[in-house]
Amino acid sequence: MRSLEKSFVACAGGTETFGRFVEQPFAAVLEERLDRRCLNFGSLFCGVDALCDDTELRGLLNQAELCVVQLSDILGQSNRFYRVHPRRNDRFLAPTEDLKSLYPEIDFADVHFVHHLMILLQGRNDARFEVIAEELRRNWIDRIGGLVEALEAPVVLLNLQVLREAESDQPKHGADIRITPQMIEALRPLSAEIVEVTVSVSGQSDELEDMLFGTLQQPMAEYMIGPAAHRSIADALVGPIRNLQ
Numbered sequence: 439m440r441s442l443e444k445s446f447v448a449c450a451g452g453t454e455t456f457g458r459f460v461e462q463p464f465a466a467v468l469e470e471r472l473d474r475r476c477l478n479f480g481s482l483f484c485g486v487d488a489l490c491d492d493t494e495l496r497g498l499l500n501q502a503e504l505c506v507v508q509l510s511d512i513l514g515q516s517n518r519f520y521r522v523h524p525r526r527n528d529r530f531l532a533p534t535e536d537l538k539s540l541y542p543e544i545d546f547a548d549v550h551f552v553h554h555l556m557i558l559l560q561g562r563n564d565a566r567f568e569v570i571a572e573e574l575r576r577n578w579i580d581r582i583g584g585l586v587e588a589l590e591a592p593v594v595l596l597n598l599q600v601l602r603e604a605e606s607d608q609p610k611h612g613a614d615i616r617i618t619p620q621m622i623e624a625l626r627p628l629s630a631e632i633v634e635v636t637v638s639v640s641g642q643s644d645e646l647e648d649m650l651f652g653t654l655q656q657p658m659a660e661y662m663i664g665p666a667a668h669r670s671i672a673d674a675l676v677g678p679i680r681n682l683q
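Under our numbering, think of the first position of the sequence shown as 439, with each following residue one higher.
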């Protein structure tokens, strides 16, 4: 455990910030580039709920001189239509009465992940799905904005786009609700800076051989970002952070 008594930059976010299967996540690279202590508070499967509702995490971030916060996936949040696991925000726990009323024909008993839920709902091909999407967009802005306002240190928001395959402009299976430019702009007045970075997973960027994983973990590692992607993220953050000094 690294000391919190000396000044530090805090990096918070999900699986990419955590740096699964890499020796040096971008927080460690950033520390070398800046010659400032950068502590990594990233966690696996962290979405809006884990980022915004963890009082211990917020206490740690409020001890930092500056915070880098990776913007969370829009689906991993409890809202008026469904509830997610408080730590593993990719896991669907239960529909609310509002969702059951909106989709009375669906049995949600076998739904365990939010992406599965979205595929199921959008598969109905009607206007009801936009009601869900609008609620998620509104709730995402309110919750992320509330976190940024509550933090005492300046906040640099990291809008990280991870390409997981040769994607077209359309979300795969129609299952994703993406963060829009308008959502990002709604957060701009609250943050010190917004940094946008696009990277590819190791299975698409030929970085797999540079990652650390067991034989049975290769399928998972292929969907994680590699060392070069982490260096690119750190490089993109260096200038904006230095400008805030």
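Even glycine gets a Cβ: it sits at the ideal position worked out from N, Cα and C.
Within 9 Å, strictly: CB atoms of residue i and residue j
| i | j | result |
| --- | --- | --- |
| Ala502 | Phe446 | yes |
| Met662 | Val633 | no |
| Leu477 | Val676 | no |
| Pro592 | Ala624 | no |
| Gly641 | Ala666 | no |
| Val507 | Val594 | yes |
| Leu504 | Ile679 | yes |
| Leu414 | Ile544 | Limits of the chain in this structure are 439 at one end and 683 at the other, which puts residue 414 out of reach. |
| Gly452 | Gly480 | yes |
| Phe459 | Asp528 | no |
| Val600 | Glu470 | no |
| Phe736 | Gln560 | Residue 736 is absent from the model: the chain starts at 439 and stops at 683. |
| Phe546 | Leu537 | yes |
| Leu598 | Thr653 | no |
| Leu650 | Leu596 | no |
| Leu499 | Leu628 | no |
| Arg475 | Arg440 | yes |
| Gln656 | Leu646 | yes |
| Met556 | Leu513 | yes |
Unbroken alpha helix (DSSP H) run spanning residue i, endpoints
| i | result |
| --- | --- |
| Asn577 | Arg566 to Ala588 |
| Thr453 | Thr453 to Phe456 |
| Cys484 | Looking at the DSSP string, Cys484 is not in any alpha helix (DSSP H), and its letter there is neither H nor E. |
| Glu494 | Thr493 to Leu499 |
Identified DSSP bridge partners for residue i
| i | result |
| --- | --- |
| Tyr520 | Pro533 |
| Gln544 | In the sequence on display, residue 544 carries Ile and not Gln. DSSP lists no partner for Ile544. |
| Cys476 | Val447 |
| Phe551 | Arg529 |
First through last residue of the beta strand (DSSP E) which encompasses residue i
| i | result |
| --- | --- |
| Leu504 | Leu504 to Gln508 |
**Request:** Please determine if the stretch 513-524 and the stretch 479-493 are in contact, where contact requires at least 3 C-beta pairs separated by less than 8 Å.
**Result:** Under the 8 Å Cβ criterion, the stretch 513-524 counts as touching the stretch 479-493, having at least three qualifying pairs.
**Item:** the stretch 555-574 contacting the stretch 508-522, beta-carbon criterion three pairs below 8 Å
**Value:** Pairwise C-beta distances place the stretch 555-574 in contact with the stretch 508-522, as three or more of them are shorter than 8 Å.
**Message:** Suppose only complete runs of 3+ residues qualify. What are the beta strand (DSSP E) ranges in the stretch 587-665, listed by chain order?
**Reply:** Along the length of the stretch 587-665, whole beta strand (DSSP E) runs at least 3 residues long occupy 593-601 and 631-638, reported in chain order.
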